[in-house]
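Notes for the one structure printed next.
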Amino acid sequence: MKQSLALILLVAATTCAQAEAPPERAYVRAGTDRLIRACTQDGHTLSLLARPGVEVARGGAAPAGLPVDAFMQGIAEQVMRLTRAVPHADFLRPDSPGARALSDAVETWMDAFNRTHGTRLAWAIGDFGVSDAPQAACRTSGD
């Protein structure tokens, strides 16, 4: 997998939330990391190691019973669906239009989920990669 020094924009939702959190609040892990694989518009594979988190009082722990599995499943579905409209090169450039649109859409979904469930769940990307070449698993039936 090709790694880029460019900061992937999907992490913007968590980074923004952390920057806006009052100093007495913090984000802590809420569950285990999830590997998300998605196909890009041009048939490459985007792989993300997603880390779920939740906002808590500084020094606090994640409360029990959070809907982390549903949250992460929803994040994965959004990423897999929306990545199909973005060329792989957009994930290697900071602030590219495709990656920004994907980030904004995932953040909107995340905000709606949190309002519906009364939670402050978020996610961050621990690592990511983009395949060097198109992948057979990402070919459409029309290829």
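Residues -2 to 140 (this note's numbering) are what the sequence shown spells out, left to right.
Just so you know, even glycine gets a beta-carbon here, dropped at the ideal spot from N, CA and C.
At 3 residues or longer, what runs of the beta strand (DSSP E) sit wholly inside the region 30 to 102? 31 to 36, 42 to 54
In terms of residues, what are the limits of the beta strand (DSSP E) holding residue 123? 118 to 127
Which word fits residue 81, buried or exposed, when buried means at least 16 other C-beta atoms lie within 10 angstroms of its C-beta? exposed
Can you tell which of 79, 60, 101 has the C-alpha that lies nearest to the C-alpha of residue 43? 79
With H, G and I counted as helix, E and B as strand and the rest as coil, what does DSSP make of residue 26? strand
Between residue 95 and residue 83, is the Cβ-Cβ spacing less than 8 Å? yes
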